[in-house]
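Student: In terms of UniProt numbering, the sequence shown opens at residue 1 and continues consecutively.
Cβ atoms here follow ideal geometry from the backbone N, Cα and C, with glycine treated the same way.
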Amino acid sequence: MSTITSVELNYIVFRYLHESGFIHTAFSFGNEAGISKSSIDGTLVPIGALIRLVQKGLQYLEMEANLSNCDMSLDEDFSFLQPLDLITKDVQELGKMVNNKRKKLHKDRNKESEKEHERGRGWVKEKGRHEKANKECEKDRDRTQDLKELEQKHGNQSIKELVTDQEHMVTSMHEQDKALEGLEPMDISTVSTSQPCEIRSSDVIVLEGHTSEVCACAWSPTGSLIASGSGDSTARIWSIPEGRCKSALLNDPPNVFVLKHVRAKPNRQSNDVTTLDWNGEGTLLATGSYDGQARIWTTNGELRSTLSKHKGPIFSLKWNKKGDYLLTGSCDRSAIVWDVKAVRWKQQFEFHSGWTLDVDWRNNVSFATSSIDTKIHVCKIGENLPIKTFVGHQSEVNCIKWDPTGSLLASCSDDMTAKIWSMKHDKYLHDFREHSKEIYTIRWSPTGPGTNNPNKNLVLASASFDSTVKLWDVELGKLVYSLNGHRGHVYSVAFSPNGEYLASGSPDKSMLIWSLKEGKIVKTYSGNGGIFEVCWNKEGDKIAACLSNNTVCVLDFRM
1 MSTITSVELN
11 YIVFRYLHES
21 GFIHTAFSFG
31 NEAGISKSSI
41 DGTLVPIGAL
51 IRLVQKGLQY
61 LEMEANLSNC
71 DMSLDEDFSF
81 LQPLDLITKD
91 VQELGKMVNN
101 KRKKLHKDRN
111 KESEKEHERG
121 RGWVKEKGRH
131 EKANKECEKD
141 RDRTQDLKEL
151 EQKHGNQSIK
161 ELVTDQEHMV
171 TSMHEQDKAL
181 EGLEPMDIST
191 VSTSQPCEIR
201 SSDVIVLEGH
211 TSEVCACAWS
221 PTGSLIASGS
231 GDSTARIWSI
241 PEGRCKSALL
251 NDPPNVFVLK
261 HVRAKPNRQS
271 NDVTTLDWNG
281 EGTLLATGSY
291 DGQARIWTTN
301 GELRSTLSKH
311 KGPIFSLKWN
321 KKGDYLLTGS
331 CDRSAIVWDV
341 KAVRWKQQFE
351 FHSGWTLDVD
361 WRNNVSFATS
371 SIDTKIHVCK
381 IGENLPIKTF
391 VGHQSEVNCI
401 KWDPTGSLLA
411 SCSDDMTAKI
421 WSMKHDKYLH
431 DFREHSKEIY
441 TIRWSPTGPG
451 TNNPNKNLVL
461 ASASFDSTVK
471 LWDVELGKLV
481 YSLNGHRGHV
491 YSVAFSPNGE
501 YLASGSPDKS
511 MLIWSLKEGK
521 IVKTYSGNGG
531 IFEVCWNKEG
541 DKIAACLSNN
551 TVCVLDFRM
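(1) At 3 residues or longer, and completely inside the stretch 393-428: list those beta strand (DSSP E) runs for me, N to C.
(2) Out of Asn528, Trp536, Phe532, Lys523, which has the shortest C-alpha to C-alpha gap to Ile199?
(3) What does the Cβ neighbour count give for His425, buried or exposed, with the cut at 16 atoms within 10 Å?
(4) Out of Val474, Phe349, Leu385, which one is the CA nearest neighbour of Ala418?
(5) Secondary structure at Phe349, three-state DSSP: helix, strand or coil?
(6) Considering only residues of the same chain and omitting the five flanking positions on each side of Ile51, which have a CB-CB separation below 8 angstroms?
(7) Classify Met97 as helix, strand or coil using the three-state DSSP reduction.
(8) Which residues does DSSP pair with Cys215 in a beta bridge?
(9) State the Cα-Cα distance for the pair Ser395 and Lys260, rounded to the nearest angstrom.
(10) If you count every other CB in all the chains shown that lies within 10 Å of the CB of Ile226, and 16 or more means buried, which is it?
(11) In chain order, what residues of the same chain lie with their CB nearer than 6 angstroms to the CB of Gly312, ignoring the 5 residues before and after it?
(12) Can you tell which of Trp319, Gly392, Val459 has its C-alpha closest to the C-alpha of Asn363?
(13) When you compare only the Cα positions, how much space is there between Val206 and Ile240?
(14) Which value, in whole angstroms, describes the spacing of the CA atoms of Ile4 and Glu93?
(15) Quick check on DSSP: helix, strand or coil for Glu458?
(16) Give the list of continuous beta strand (DSSP E) stretches no shorter than 3 residues that lie fully inside the stretch 228-312.
(17) Who are the Cβ neighbours of Asn398 in its own chain at under 8 angstroms, not counting the five residues just before and after it?
(18) Going straight from the alpha carbon of Gly382 to that of Leu285, what length do you get?
(19) Along the chain, where does the alpha helix (DSSP H) containing Ala33 start, and where does it finish?
(20) On the DSSP letters alone, give me the boundaries of the alpha helix (DSSP H) that His430 sits inside.
(21) Under the three-state reduction of DSSP, which class applies to Lys322: helix, strand or coil?
(22) Tell me which residues share the same chain as Glu434 and place their Cβ nearer than 8 angstroms to its Cβ, disregarding the 5 neighbours each side in the sequence.
(23) To the nearest angstrom, how far is it from the Cα of Phe557 to the Cα of Asp541?
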């Protein structure tokens, strides 16, 4: 086996110090070790050579410890060890650690096997109970049939009464059995007594064409167009026919325009479309991309303008209501307001110390930004400093949304809280803490003052990685409903235009539609991929969902 010389080792240590930014230390070490006199060709030494060498050495020790004094299957029982143990212990000690880990692993497996056996016995017992109930029902049916025959033969009134009683008992047992279907022992169902209806395949259009997961979708606010953005470096504008999905599709298949995001630089590894938004008139679509550029497109797929200034991926972008400015937020820590008509940036706001995760307009000239630095800044065009800064979250702020009047700002965070802020106060008005995991997104209902449904109460919906959606009464500062139905993280929520229903989407491949009046599921849809985003059209009779299997689904909604 070849060995490494002290000269070679000194050189890669020198390179490590230099690559890591320890310039003065590298100079001193290089001077004492005589690096300048070394005959080693530095161009042949890859970046990170020392780290790679140490990692290989640790892997060798790990493999040696697993192979020594071991009579178990290496394929099934390979044990990974901590780097500190590999550095501080010899092979015999490491071998003992491996054997102890394997013994514990086998013990745990045996325990799990026993649990599975118990669960299996429980399932068999439950199945037997249902079979017994079914047999009893069959017996009851036979008795009822016999009694009916007797009634026809003898016309006895008392027998009629007995038949009625027997039929009532059979019906009751059937109803109990139906109620048990689909519920595991100890499950709590949030579904209403009238079971929710699965949306039929005949009420669904599946839009195919993307070649990677579709992470964003949005209906045009004025027409039957839907835009989708994907990891395949394209956005698409689909024209959805009027009327019910399948019948409309047969008469008038959807047209599609493919919006190709040409790479700004040849060496860019990714050009995913990360976010998109329609202007208020529905005449222009803005897209944000991983290449740091925002692009503006017409409804027929023509590239109107490319906006370049960000130095990192764009995570969020929004049109103001007037449609003359576009706001973008990027992982370069800044937000930029773009003058759309002049096709140039108007002002860059660089106040965050971490990635800008979300942006939202308060009115036509002021807006809020949120960041992984836990802060929220409220900014105004023409001002060189934030006009307000909200501090209170303990982790990155994932999403921010102004209410329909622009007076209250809602925020949600990885700290598992949602908060409500007002420009009149420095501290939050409400701190909602009922979620048990990170909150991914929030949405205001289209109800209350400033909306088309002014006589309905304003509520806030929050979607979390704890698999729940929660509805909050912001005026009272309390929880209205906790909607439990998903089996995985909830990535997206959207209110129907009339404010009566809420759609939620999850990577568990399901979309659930909830009645806000009852807090119950009324419709369900199961797709062939995880659901990243859901949105309603302006009429409220169609819902779109974008999926991880590269498709967009459009669903009819009728109650």
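Tutor: By the coordinates alone:
(1) Taking only runs of at least 3 residues, the beta strand (DSSP E) segments lying wholly in the stretch 393-428 are 397-402, 408-413, 418-422.
(2) Residue 199 sits at position 199 when you count from the first residue of the sequence shown. With distances taken between Cα atoms, Ile199 lies closest to Lys523.
(3) As a working mapping, residue 425 is identified with position 425 in the sequence shown. So His425 ends up on the exposed side.
(4) On the sequence shown, residue 418 is found 418 positions in, with the first residue counted as 1. Among Val474, Phe349, Leu385, the Cα nearest to that of Ala418 belongs to Val474.
(5) The residue you call residue 349 lines up with position 349 of the sequence shown. Phe349 falls in the strand class under three-state DSSP.
(6) For the purposes of this step, residue 51 is identified with residue 51 of the sequence shown, where counting begins at 1. Answer for Ile51: Tyr16, listed in chain order.
(7) Along the sequence shown, one-based indexing puts residue 97 at 97. If DSSP states are grouped into helix, strand and coil, Met97 belongs with the helices.
(8) The sequence position of residue 215 within the sequence shown is 215, counting from 1. For Cys215, which the question treats as bridged, DSSP gives no partner whatsoever.
(9) Position 395 of the sequence shown, counting from 1, holds the residue named residue 395. Position 260 of the sequence shown, counting from 1, holds the residue named residue 260. If I take the Cα positions, the gap works out to 36 angstroms.
(10) For the purposes of this step, residue 226 is taken as residue 226 along the sequence shown, with counting starting at 1. The residue in question, Ile226, is buried, as its Cβ has 16 or more Cβ neighbours within 10 Å.
(11) For the purposes of this step, residue 312 is taken as the residue at position 312 of the sequence shown. Once the five neighbours on either side are set aside, the close Cβ partners of Gly312 are Gly292, Ser330, Cys331, Asp332.
(12) Counting from one through the sequence shown, the residue named residue 363 turns up at place 363. Nearest C-alpha to Asn363: Trp319.
(13) Walking along the sequence shown from the start, residue 206 turns up at place 206. Walking along the sequence shown from the start, residue 240 turns up at place 240. Cα-Cα distance, rounded: 11 angstroms.
(14) In the sequence shown, counting from the first residue as 1, residue 4 sits at position 4. In the sequence shown, counting from the first residue as 1, residue 93 sits at position 93. Distance between the alpha carbons of Ile4 and Glu93: 26 angstroms.
(15) Position 458 of the sequence shown holds residue 458. The identity of residue 458 in the sequence shown is Leu, whereas the question assumes Glu. DSSP places Leu458 in coil when its eight states are reduced to three.
(16) 234-239, 255-260, 273-278, 284-289, 293-298, 303-308
(17) If you number the sequence shown from 1, residue 398 lands on position 398. Hits under 8 angstroms: Leu357, Asp358, Ser370, Cys412, Ser413, Asp414, Glu438, Ile439, Tyr440, Thr441.
(18) Here residue 382 corresponds to residue number 382 of the sequence shown, with the count starting at 1. Here residue 285 corresponds to residue number 285 of the sequence shown, with the count starting at 1. Per the coordinates, the alpha-carbon of Gly382 lies some 26 angstroms from the alpha-carbon of Leu285.
(19) Here residue 33 refers to the residue found at position 33 of the sequence shown. Element bounds for Ala33: 23-33.
(20) On the sequence shown, position 430 is the one that residue 430 refers to. Premise fails: His430 lies in the beta strand (DSSP E), 430-432, not in any alpha helix (DSSP H).
(21) In the sequence shown, the residue the question calls residue 322 occupies position 322. DSSP places Lys322 in coil when its eight states are reduced to three.
(22) Residue mapping note: residue 434 aligns to position 434 of the sequence shown, counting from 1. Setting aside the 5 residues that flank it on each side, Glu434 is surrounded in the same chain by Lys470, Leu479, Ser482, each with a C-beta closer than 8 angstroms to its C-beta; the list follows chain order.
(23) For the purposes of this step, residue 557 is taken as residue 557 along the sequence shown, with counting starting at 1. For the purposes of this step, residue 541 is taken as residue 541 along the sequence shown, with counting starting at 1. Cα to Cα, Phe557 sits roughly 5 angstroms from Asp541.
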